[in-house]
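Engineer: The following block contains the structure, expressed as structure tokens.
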Amino acid sequence: MLWLSVAMLGSMILTEAQAASWSDTFLGYRYGTQFHEPGIEEEIEQHIVQFSHVSGYKYGSNYFNVDFIQSDRNDAINGGGSGAINVYSVYRHQLHYGKLFGEPLSFGPVRDVALTAGFDLSHKNSSFASRKRMLLLGPTLKFDLPRGFVDLSVLLAREWNHCGLDVCRLEGNQDSIDFDPYYQFSLAWGVPFEAGSLPMKFQGFFNYNTEKGGDYFGVATKPEQLSRTSLMLDAGELAWGSSNNLWVGVGYELWRNKFGNHGKPGVDVDAITFNAEWHF
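Read in this note's numbering, the sequence shown has 273 at position 229, and its numbers run on one by one without any break.
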């Protein structure tokens with residue numbers, strides 16, 4: 045079902061791109077050896093293939109991203125023998141006040157306000173068998189920059205998930221869970237700049253999620269922080285004069301209280317990554 049949903053959404057995006065006023069699509073790759081998962085003490089090596097699309101149209105914008113995450117054996121597939129695969133997709137849609145009503149709602153450093161709605165979907169074939177489903181809705185402040193963007197959103201989130209471990213089916217535990225509603229404070233940015241003669245960009249996001257009630261075992265969750273940033277060089281422009289084609293650089297992932305977990309191994313992440321993007 046997840047693969048069908050991703051395929052249908054991808055088809056919608058390609059159709060929408062034909063009517064879009066602007067769009068940017070890329071295939072990406074990230075690699076790192078310092079990742080962690082809750083309950084696993086060892087560091088995990090991951091290869092991440094990414095498909096990402098963003099576009100603008102008459103009334104707002106669309107953003108879609110799917111990560112195909114291949115872990116090493118420290119984060120094993122259900123039954124063991126090889127590393128697990130996690131497919132994680134994100135969709136966000138923004139309705140811009142200025143595009144709807146003909147004049148932006150601007151004040152101070154804010155050039156416009158948008159209403160953001162979206163969802164996260166994931167499926168992982170580990171023994172835990174996470175199947176995240178999340179809906180989000182809330183306002184976004186769009187800051188005025190000469191180049192690039194900075195968005196700050198306050199989103200109300202509702203999440204459903206699954207636990208495939210035998211212990212989750214014991215009396216008093218849960219193998220499927222409907223978490224309490226919570227707030228996500230989300231800062232996202234993409235800022236191009238020049239370092240001397242080098243065309244570069246600094247991009248990323250930071251999410252702060254408030255606690256979301258008890259987990260599968262009745263343990264209270266704690267606030268969660270996730271940030272992914274990258275400093276990228278426009279290698280295509282330097283190598284063959286084609287801008288926004290091939291980007292390479294380094295990234296950093298910070299995660300605290302991963303998925304709201306705490307007091308166990310693997311809930312905090314500090315991972316340096318190699319990043320590459322091919323835009324088309």
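Every residue gets a Cβ at the ideal spot worked out from N, C-alpha and C, and that includes glycine.
Nothing here was measured: the structure is a model prediction, and the numbers come from that model.
From Arg-213 to Arg-272, what distance separates their C-alpha atoms?
Structural biologist: Here residue 213 is taken as the residue at index 169 of the sequence shown, counted from 1. Here residue 272 is taken as the residue at index 228 of the sequence shown, counted from 1. Spanning the two alpha carbons is a distance of roughly 34 Å.
Engineer: Which residue marks the beginning of the beta strand (DSSP E) containing Leu-181, and which one marks its end?
Structural biologist: Sequence index remark: in the sequence shown, residue 181 carries index 137 (1-based). Taken as a continuous stretch (DSSP letters only), the beta strand (DSSP E) holding Leu-181 covers 177–187.
Engineer: Can you tell me the Cα-Cα spacing of Asp-119 and Tyr-252, whole angstroms?
Structural biologist: Numbered from 1 along the sequence shown, position 75 holds the residue referred to as residue 119. Numbered from 1 along the sequence shown, position 208 holds the residue referred to as residue 252. Looking at the two C-alpha atoms, the distance is approximately 25 Å.
Engineer: Can you tell which of Gln-78, Trp-66, Gly-125, Thr-160 has its C-alpha closest to the C-alpha of Tyr-135?
Structural biologist: Numbered from its first residue, the sequence shown carries residue 135 at position 91. Of Gln-78, Trp-66, Gly-125, Thr-160, the residue nearest in Cα terms is Thr-160.
Engineer: Closest to Gly-142 by CA distance: which of His-306, Ala-158, Ser-170 is it?
Structural biologist: Here residue 142 is taken as the residue at index 98 of the sequence shown, counted from 1. It is Ala-158.
Engineer: Does DSSP put Val-393 in a helix, in a strand, or in coil?
Structural biologist: Lying before the first or after the last residue shown, residue 393 is absent from the chain, which here runs from 45 to 324.
Engineer: If we require 4 or more residues per run, which alpha helix (DSSP H) segments fall completely within the segment 211–284?
Structural biologist: The segment 211–284 contains these whole alpha helix (DSSP H) runs: 279–284.
Engineer: Determine the contact status of Arg-177 and Asn-217, defining contact as a CB-CB distance below 9 Å.
Structural biologist: On the sequence shown, residue 177 is found 133 positions in, with the first residue counted as 1. On the sequence shown, residue 217 is found 173 positions in, with the first residue counted as 1. No, the Cβ-Cβ distance between Arg-177 and Asn-217 is not below 9 Å.
Engineer: How far does the alpha helix (DSSP H) with Gly-142 in it reach, from first residue to last?
Structural biologist: Here the question's residue 142 lines up with position 98 in the sequence shown. First-last of the alpha helix (DSSP H) with Gly-142: 141–145.
Engineer: Cβ of Phe-95 within 9 Å of Cβ of Gly-72?
Structural biologist: Residue mapping note: residue 95 aligns to position 51 of the sequence shown, counting from 1. Residue mapping note: residue 72 aligns to position 28 of the sequence shown, counting from 1. In contact: Phe-95 and Gly-72 (Cβ atoms closer than 9 Å).
Engineer: If you drop the 5 nearest sequence neighbours on each side, which residues of the same chain put their C-beta closer than 8 Å to that of Gly-310?
Structural biologist: Mapped onto the sequence shown, residue 310 falls at position 266. Contacts found: His-80, Glu-81, Pro-82, Gly-83, Ile-84, Glu-85, Lys-302.
Engineer: Reducing DSSP to helix, strand and coil, say where His-323 ends up.
Structural biologist: Numbered from 1 along the sequence shown, position 279 holds the residue referred to as residue 323. Correct three-state label for His-323: strand.
Engineer: Bridge partners of Leu-71, per DSSP?
Structural biologist: What you label residue 71 is simply residue 27 of the sequence shown in a count that begins at 1. Phe-95, Trp-322.
Engineer: Give me the Cα-Cα distance between Pro-183 and Ala-320, rounded to the nearest whole angstrom.
Structural biologist: As a position in the sequence shown, residue 183 is number 139, starting the count at 1. As a position in the sequence shown, residue 320 is number 276, starting the count at 1. Taking the straight line joining both Cα atoms gives about 31 Å.
Engineer: Tell me, please, whether the segment 225–233 touches the segment 253–273 by the rule of three or more beta-carbon pairs shorter than 8 Å.
Structural biologist: At 8 Å Cβ cutoff, the stretches touch.
Engineer: Among Glu-147, Asp-312, Val-263, Ala-64, which one has its Cα closest to the Cα of Tyr-107?
Structural biologist: Along the sequence shown, one-based indexing puts residue 107 at 63. If we check each option's Cα against that of Tyr-107, Ala-64 comes out closest.
Engineer: Would you verify that the beta carbon of Gly-208 is, or is not, closer than 9 Å to some beta carbon of chain D?
Structural biologist: The question asks about chain D, but that chain is absent: this structure has only one protein chain.
Engineer: Does Lys-302 come out as helix, strand or coil in the three-state DSSP assignment?
Structural biologist: Translated into positions along the sequence shown, residue 302 becomes position 258. Correct three-state label for Lys-302: helix.
Engineer: For Ile-88, which residues of its own chain have a beta-carbon under 7 Å away from its beta-carbon, when the five flanking residues on both sides are left out?
Structural biologist: Working through the sequence shown from its first residue, we reach residue 88 at position 44. The answer, listed in chain order, is Phe-79, His-80, Glu-81, Ser-115, Asp-116, Asn-118, Asp-119.
Engineer: Of all the options Asp-222, Val-198, Arg-300, which has the alpha carbon lying nearest to the alpha carbon of Cys-207?
Structural biologist: For the purposes of this step, residue 207 is taken as residue 163 along the sequence shown, with counting starting at 1. For Cys-207, the nearest C-alpha among the options comes from Asp-222.
Engineer: Quick one: measure Cβ to Cβ for Lys-245 and Met-276, integer angstroms, because I've assumed they're closer than 8 Å.
Structural biologist: Along the sequence shown, one-based indexing puts residue 245 at 201. Along the sequence shown, one-based indexing puts residue 276 at 232. The pair is a contact, with the Cβ atoms about 5 Å apart (cut-off 8 Å).
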